[in-house]
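As structure tokens, the structure follows; a few thoughts come after it.
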């Protein structure tokens, strides 16, 4: 199978505190020669000051001063690196329970999630919590990295037991693709290079798995959705009558000549041209940013959506969603918020908290409905004007939204439409 060298794979890391997430990413960057010399020098100097014999690999990702001093990850750290086979963006997310919201943020756009398990401790509550969030966010691929195999004498039996523990609870989750990998991030076993200490493991090392992972099918190519961000009217020579609708294709494929519907108005037209920075295109698909011109002069503005006649999203003013609450202040039922859904911005309110989820046991809490920071709940939302939505499991773009507090302008929650 041919892998597109320009194809970008986003992956996130998750695991409990001290499971070695930052060390694993450091090892990936270090062994794949994706670190600049000045970065390497700075980390070597810091490692010496802290009394380490070698390079402290975790320092490559812990960017905040507090993180380096406390030896923990607090914020989501994004790292970009590239190999001859693929480009990557890593979201290194915190392991602490009080940073659930950070994991949701980092994982929301990921193609894959790396869930780390300490081989000495096996599956713990935090493992279940992170696997639940990964399934809630519909991350298509999960790689369970069983780390610190060097501390359990590279035992195949321990590795197999942890797989069994993980599969016992993950069978209740909606996850399409789970792979398991025995590694030692500290020593580099099965990270970039194959391990000589675990010849019983016949699979590929982590980097090869990430480089060859098939992600083209992760993008929804069936439901054509084009949220309009702005209307282009250049009003200059050669473009006097030009009226283009600019935005990013959320999903599906658009071609000149396609019959389309503009929502929410319901007006119909045909695509005349699709333009990009590089000129006219024969087709546009996610996640391309383009300008579409139509055969007819229709009143279209930011927040409208261009779709196909035979496949339309649902136009709703009230819907249910799974919501992760980000803010220090609790959610206020029936309080007004601004909802941002694709390029559409409306006023909205949380009409009802249906139930909260205990993310340790997956149990529903129907009595305690106060939403505090890091809580995940099923809620009902009502908006002032219709939104054009799909279920999140079908479309991660048109099925997701954020809520903004009108008073503080803070992003207080992220939601997934069900």
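Residue numbers (this note's numbering): 187 to 604. All residues carry an ideal CB built from backbone N, CA and C; glycine is no exception.
Item to check | Proximity to residue 525 [Cα-Cα], best of 534, 447, 518, 519 | outcome: Your numbering for residue 525 matches position 339 in the chain shown. Comparing Cα positions, the closest option is 534.
Checklist entry - So, is residue 253 buried or exposed, given that buried needs 16 or more other C-beta atoms within 10 angstroms? => result The residue you call residue 253 lines up with position 67 of the chain shown. Low confidence applies here, because residue 253 scores a pLDDT of 43, under 50, leaving its location unreliable and the question unanswered by this model.
Checklist entry - Just reading off the alpha helix (DSSP H) that residue 350 is part of, what are its end residues? => result To locate residue 350, count along the chain shown from 1; it is residue 164. Under the DSSP assignment, residue 350 falls in the alpha helix (DSSP H) whose first and last residues are 342-356.
Item to check | Endpoints, beta strand (DSSP E) assigned at residue 432 | outcome: The residue given as residue 432 occupies position 246 in the chain shown. DSSP places residue 432 inside the beta strand (DSSP E), whose first and last residues are 430-434.
Checklist entry - Would you say residue 418 and residue 432 are within 8 Å of each other, going by their C-beta atoms? => result In the chain shown, the residue the question calls residue 418 occupies position 232. In the chain shown, the residue the question calls residue 432 occupies position 246. Yes.
Next on the checklist: Using the Cβ count rule (16 or more neighbours within 10 Å means buried), how would you classify residue 255?
Outcome noted: As a working mapping, residue 255 is identified with position 69 in the chain shown. Note that residue 255 has pLDDT 48, beneath the 50 cutoff, so the model's placement of it is unreliable and the number below is only indicative. Within 10 angstroms of the beta-carbon of residue 255 lie fewer than 16 other beta-carbons, which makes it exposed.
Checklist entry - What is the DSSP secondary structure of residue 309, reduced to helix, strand or coil? => result As a working mapping, residue 309 is identified with position 123 in the chain shown. Collapsing the DSSP output to three states places residue 309 in coil.
Next on the checklist: Quick check: the Cα distance between residue 434 and residue 576, rounded to an integer number of angstroms?
Outcome noted: Residue 434 sits at position 248 when you count from the first residue of the chain shown. Residue 576 sits at position 390 when you count from the first residue of the chain shown. Rounded to the nearest angstrom, the two C-alpha atoms are 17 Å apart.
Item to check | Straight-line gap, residue 490 to residue 395 (C-alpha atoms, nearest Å) | outcome: Counting from 1 along the chain shown, the entry for residue 490 is found at position 304. Counting from 1 along the chain shown, the entry for residue 395 is found at position 209. Residue 395 has its alpha-carbon roughly 40 Å from the corresponding atom of residue 490.
Item to check | Beta-carbon contacts of residue 309 that lie in its chain and below 7 Å, excluding the five residues immediately before and after | outcome: By 1-based counting over the chain shown, the position of residue 309 is 123. So the qualifying residues of the chain are 303, 348, 351, 352.
Item to check | In DSSP terms, what residue 386 is bridged to | outcome: Here the question's residue 386 lines up with position 200 in the chain shown. Answer is none; residue 386 lacks a bridge partner.
Checklist entry - In its own chain, which residues sit with a C-beta less than 6 Å from the C-beta of residue 450, not counting the 5 before and 5 after it? => result Indexing the chain shown from 1 puts residue 450 at position 264. Taken in chain order, the residues that qualify are 501, 572.
Item to check | Rounded Cβ spacing between residue 209 and residue 277 (contact assumed at less than 8 Å) | outcome: Residue mapping note: residue 209 aligns to position 23 of the chain shown, counting from 1. Residue mapping note: residue 277 aligns to position 91 of the chain shown, counting from 1. In this structure residue 209 does not touch residue 277 by the C-beta definition: roughly 16 Å separates them, more than the 8 Å allowed.
Item to check | Counted within 10 angstroms of its Cβ, other Cβ atoms place residue 317 as buried (16 or more) or exposed | outcome: Translated into the one-based positions of the chain shown, residue 317 becomes position 131. Buried is the call here.
Checklist entry - Which of the three DSSP states, helix, strand or coil, is assigned to residue 585? => result Translated into the one-based positions of the chain shown, residue 585 becomes position 399. DSSP places residue 585 outside both helix and strand once states are collapsed to three, so it counts as coil.
Checklist entry - Among all the DSSP beta bridges, which residues are the ones paired with residue 532? => result As a first step, residue 532 is located in the chain shown; it is residue number 346 there, counting from the start. Answer is 525.
Item to check | Residue nearest to residue 587 in terms of C-alpha spacing, selected from 549, 219, 509 | outcome: Your numbering for residue 587 matches position 401 in the chain shown. That would be 509, whose Cα lies nearest to the Cα of residue 587.
Checklist entry - Less than 8 Å separating the beta-carbons of residue 585 and residue 574? => result Against the chain shown, residue 585 aligns to sequence position 399. Against the chain shown, residue 574 aligns to sequence position 388. For residue 585 and residue 574, no; Cβs fall outside 8 Å.
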